[in-house]
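J.:
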Amino acid sequence: MKIMVVGGGGREHTIVCKLKESKNVDEIYVLPGNGGIAADAVCVNIGAKDLDKICDFAVEKGIDFAVIAPDDPLVLGAVDRLNAVGVPCFGPNAAAAIIEGSKVFSKNLMKKYGIPTAAYETFTSSDEAIAYLKNSPYPIVIKADGLALGKGVTIAEDFAQAEAAVRSAMEDKVFGESGNALVIEEFMTGPEVSVLCFTDGNVVKPMVSSMDHKRIGDGDMGPNTGGMGTIAPNPFYTEDVAERCMKEIFLPTMHAMNAEGRVFRGCLYFGLMLTPNGPKVVEYNCRFGDPETQVVLPLLESDLLEVMQATAAGTLADTEVKFSDKAAACIVMASGGYPTSYKSGFEITLPETLAENERIFIAGAKAEDGKLYTSGGRVLGAVAVEQTLPEALKKAYALAERIHFENAVYRKDIGARALAKEK
Ligand code: AMP
Ligand code: GLY
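Now the structure itself:
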């Protein structure tokens, strides 16, 4: 089969590598891909949001199945458009992708169907938001309604910070239209867990749990990033917690979306916080997480294409989704200065050979004359799979030390909280 993957980061590189193991995959095209993905698939210079060109390409090439990985094209309706020209897709249609595309929508959905999440109010006027913030307890959390590259969330310690966040989103429009409405919500505490689930509207099949590390600095200091490293499984996500989440969160969310006439077929990502009052939803994503995918998919033992096709066709109940009981760790190597400003164009040197349990997923690099050069904030993920989490972390860090580019930075404490919990 001819497969098309839309997207071009470390998550897409991971999806491509896993799809290559699927028995029915013959050719993979990635739009736009990146310099690292080009070693594993054919990259085509079409942007992930250019729906017209994506559809034309799929028809011309006779694509049999498409995987839409990033949030933007999903929210814009890439799946609707491709289905209309006869291309089956993995990913939700626009009506269902709104679960990530609008936080006002997702918060109202959770309230209506009794799904546990932080208490909140929504606002479409900065004056009203600021008046509300004058009498609020702190810290408090302010979220832009729409997509904001993971940067639309502010945890304000006091009124001054909260007011500044509201003004920059609603008046200065730093997130564009995404800041026209805001959610202001209660600050929650507890360990965070990411659970990516395959769902076709009939059943929910969770993948192995994981933990992201969103801050740039060790000890969870500094600004939020797209994600600086991940581990799987997440030791805070015990069997008891998993059972509760299925009953109180995953199935109720699937049923809620069905009841709203927005059947979700694809990967539904639950960002959870295990609060003293039980598991609660921090956020939904309508797609695979990045860099969660880099540790989750290497542990998948089932055929990824088969699972994706079953998800799209609504036959997931009959399809096995099996994960190994090993552990995986991903260390993200970024350009010095990320997430603010950084320089690109440095040559990347990779180890000549990798062991079977080692992977390098490229996120931001371009290829020129057979060499790789940095081209983004997050450059790559160094991943290792081992029997236990401590071993996986040790191997992933050893792998990162064998990778070089100027001004490379990475966190030295990925998995530290998880290891402390395991002890
Ligand atoms: P989000 O983009 O919604 O996942 O938010 C980014 C990060 O902000 C989350 O991973 C949490 O660490 C933090 N966060 C978001 N909402 C809350 C909340 N209500 N209470 C505490 N932390 C939060
Ligand atoms: N790692 C969080 C996300 O993909 O949004």
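Going by my numbering, the sequence shown opens with residue 1287, and the numbers climb by one from there. By construction, the Cβ of each residue, glycine as well, lies at the ideal position given by its N, Cα and C atoms.
1) Taking C-beta to C-beta, are N1320 and I1634 nearer than 8 Å?
2) I need the DSSP call for N1466, collapsed to helix, strand or coil.
3) Where G1487 and F1391 are concerned, what is the direct C-alpha to C-alpha distance, given to the nearest angstrom?
4) Taking V1549 as the reference, which of A1455, P1538, F1473, G1322 has the closest Cα?
5) What does the Cβ neighbour count give for S1424, buried or exposed, with the cut at 16 atoms within 10 Å?
6) Give the secondary structure of H1299 by DSSP, where H, G and I count as helix, E and B as strand, and everything else as coil.
7) For the alpha helix (DSSP H) that I1340 lies in, which residues bound it at each end?
8) What I want to know is whether the C-beta of E1578 ends up closer than 7 Å to one or more non-hydrogen atoms of ligand 2.
9) Unbroken beta strand (DSSP E) runs of length 3 or more, entirely within the segment 1504-1554: which are they?
10) Let's test the definition: count the other Cβ atoms within 10 Å of the Cβ of Q1673 and tell me whether it reaches 16, buried, or not, exposed.
11) For the alpha helix (DSSP H) holding S1392, just list the boundary residues, first then last.
12) Can you tell me where the alpha helix (DSSP H) with R1453 in it begins and where it stops?
13) Hey, how far is the Cα of A1353 from the Cα of T1561?
14) Quick check on the burial criterion: 16 or more other C-beta atoms within 10 angstroms. Buried or exposed for P1378?
15) Over the uninterrupted alpha helix (DSSP H) stretch that includes R1367, give me the two end residues.
16) Can you list, in chain order, the residues of its chain whose CB lies under 6 Å from that of E1386, leaving out five sequence neighbours each side?
17) Can you name the start and end residues of the beta strand (DSSP E) that L1636 belongs to?
18) Between the Cα of Y1406 and those of E1472, K1304, S1496, E1307, spot the shortest distance and give me the residue it belongs to.
19) Just checking my contact of V1481 with C1531 at CB under 8 Å: how many whole Å lie between their CB atoms?
20) What are the residues that DSSP puts in a beta bridge with E1478?
21) Would you please state the rounded distance, in angstroms, between the beta carbons of K1500 and G1513? I believe it to be under 8 Å.
22) Heavy atom of ligand 2 less than 7 Å from the Cβ of D1342, yes or no?
23) Which full runs of the beta strand (DSSP E) of 3+ residues lie inside the segment 1588-1652, going along the chain?
24) So, under 8 Å CB-CB, F1609 and L1586 are touching, yes? Tell me the CB distance rounded to an integer number of Å.
25) Using the Cα positions of G1622 and D1576, report the straight-line distance between them to the nearest angstrom.
26) Which whole-angstrom value is the C-beta distance of P1565 and E1534, which I expect to be below 8 Å?
27) Assign R1265 to one of three DSSP states: helix, strand, or coil.
28) Return the chain-ordered list of same chain residues with a C-beta closer than 7 Å to the C-beta of A1455, the five sequence neighbours on each side being excluded.
29) Do you know how far the Cα of A1404 is from the Cα of S1412?
30) Apart from the five residues just before and just after V1607, which ones in its own chain have a Cβ nearer than 8 Å to its Cβ?
31) At a cut-off of 7 Å, would you count V1669 as near ligand 1, judging by its Cβ distance to the nearest heavy atom?
32) I'd like to confirm something about M1507: is its beta-carbon nearer than 7 Å to some heavy atom of ligand 1, or not?
33) Comparing the CB of E1478 with every heavy atom of ligand 1, is any distance shorter than 7 Å?
34) Any heavy atom of ligand 2 closer than 7 Å to the Cβ of D1431?
35) Is E1298 near ligand 1, going by C-beta to nearest heavy atom under 7 Å?
36) Which value, in whole angstroms, describes the spacing of the CA atoms of G1436 and N1510?
T.: According to the structure data:
1) Mapped onto the sequence shown, residue 1320 falls at position 34. Mapped onto the sequence shown, residue 1634 falls at position 348. Contact: no.
2) Within the sequence shown, residue 1466 is the residue found at index 180, counting from 1. Here N1466 sits in coil by DSSP.
3) As a working note, residue 1487 is residue 201 in the sequence shown. As a working note, residue 1391 is residue 105 in the sequence shown. Answer to the nearest angstrom: the Cα atoms are 18 Å apart.
4) Sequence index remark: in the sequence shown, residue 1549 carries index 263 (1-based). When each option's Cα is compared against that of V1549, the closest is P1538.
5) Position 138 of the sequence shown, counted from the first residue, corresponds to residue 1424. Correcting the residue type first, residue 1424 is Tyr in the shown sequence and not Ser. Label assigned to Y1424: exposed.
6) Counting from 1 along the sequence shown, the entry for residue 1299 is found at position 13. Three-state result, H1299: helix.
7) Mapped onto the sequence shown, residue 1340 falls at position 54. Residues 1337-1347.
8) Residue mapping note: residue 1578 aligns to position 292 of the sequence shown, counting from 1. True, at least one ligand heavy atom lies under 7 Å from that Cβ.
9) 1507-1510, 1515-1518
10) Indexing the sequence shown from 1 puts residue 1673 at position 387. The residue is exposed, with fewer than 16 neighbouring Cβ atoms inside 10 Å.
11) Counting from one through the sequence shown, the residue named residue 1392 turns up at place 106. Unbroken alpha helix (DSSP H) run through S1392: 1389-1399.
12) Here residue 1453 corresponds to residue number 167 of the sequence shown, with the count starting at 1. Unbroken alpha helix (DSSP H) run through R1453: 1445-1456.
13) Start at 1 with the first residue of the sequence shown, and residue 1353 comes out as number 67. Start at 1 with the first residue of the sequence shown, and residue 1561 comes out as number 275. The sequence given here places Val at residue 1353; Ala does not occur at that position. So the two alpha carbons sit approximately 34 Å from each other.
14) Within the sequence shown, numbered from 1, the residue matching residue 1378 stands at position 92. Buried: at least 16 other Cβ atoms inside 10 Å.
15) Locating residue 1367 in the sequence shown gives position 81, counting from the first residue. Residues 1364-1370.
16) On the sequence shown, position 100 is the one that residue 1386 refers to. For E1386, where only same-chain residues beyond five positions count, the Cβ hits under 6 Å are D1357, Y1570, N1571, C1572.
17) Indexing the sequence shown from 1 puts residue 1636 at position 350. First-last for L1636: undefined, no H or E at that position.
18) Along the sequence shown, read from residue 1 onward, the residue named residue 1406 stands at position 120. Comparing Cα positions, the closest option is E1472.
19) Counting from 1 along the sequence shown, the entry for residue 1481 is found at position 195. Counting from 1 along the sequence shown, the entry for residue 1531 is found at position 245. Indeed, because the Cβ distance is near 7 Å, the residues count as touching under 8 Å.
20) Here residue 1478 corresponds to residue number 192 of the sequence shown, with the count starting at 1. Answer is M1559.
21) The sequence position of residue 1500 within the sequence shown is 214, counting from 1. The sequence position of residue 1513 within the sequence shown is 227, counting from 1. Indeed, because the Cβ distance is near 6 Å, the residues count as touching under 8 Å.
22) Along the sequence shown, read from residue 1 onward, the residue named residue 1342 stands at position 56. For ligand 2, not one heavy atom lies less than 7 Å from the Cβ of D1342.
23) 1613-1621, 1644-1648
24) The residue given as residue 1609 occupies position 323 in the sequence shown. The residue given as residue 1586 occupies position 300 in the sequence shown. Right, their Cβ atoms sit about 6 Å apart.
25) Within the sequence shown, the letter at position 336 stands for residue 1622. Within the sequence shown, the letter at position 290 stands for residue 1576. So the alpha carbons of these two residues sit roughly 20 Å apart.
26) Within the sequence shown, residue 1565 is the residue found at index 279, counting from 1. Within the sequence shown, residue 1534 is the residue found at index 248, counting from 1. Their Cβ separation, rounded to whole angstroms, is 7 Å, which keeps P1565 and E1534 in contact under 8 Å.
27) No information on residue 1265 is available, as it lies outside the stretch 1287 to 1709 that the chain covers here.
28) Taking the first residue of the sequence shown as 1, we reach residue 1455 at position 169. Taking A1455 as the centre and dropping the five residues before and after it, the same chain places the C-beta of A1430, F1461, G1465, L1468 closer than 7 Å to its C-beta, in chain order.
29) Here residue 1412 is taken as the residue at index 126 of the sequence shown, counted from 1. Here residue 1404 is taken as the residue at index 118 of the sequence shown, counted from 1. Per the coordinates, the alpha-carbon of S1412 lies some 21 Å from the alpha-carbon of A1404.
30) Taking the sequence shown and counting its residues from 1, one reaches residue 1607 at position 321. Excluding residues within five positions, the ones whose Cβ falls inside 8 Å are F1484, K1491, M1493, L1586, S1588, V1593.
31) For the purposes of this step, residue 1669 is taken as the residue at position 383 of the sequence shown. Answer for V1669: no, Cβ out of range of ligand 1.
32) Translated into the one-based positions of the sequence shown, residue 1507 becomes position 221. M1507: no, Cβ never under 7 Å from ligand 1.
33) For this step, residue 1478 is matched to residue 192 along the sequence shown. Yes, ligand 1 has a heavy atom inside 7 Å of this Cβ.
34) Residue numbering aside, residue 1431 sits at position 145 when the sequence shown is read from its first letter. False, no ligand heavy atom lies under 7 Å from that Cβ.
35) For this step, residue 1298 is matched to residue 12 along the sequence shown. The answer is no for E1298.
36) Start at 1 with the first residue of the sequence shown, and residue 1436 comes out as number 150. Start at 1 with the first residue of the sequence shown, and residue 1510 comes out as number 224. Taking the straight line from one Cα to the other gives about 8 Å.
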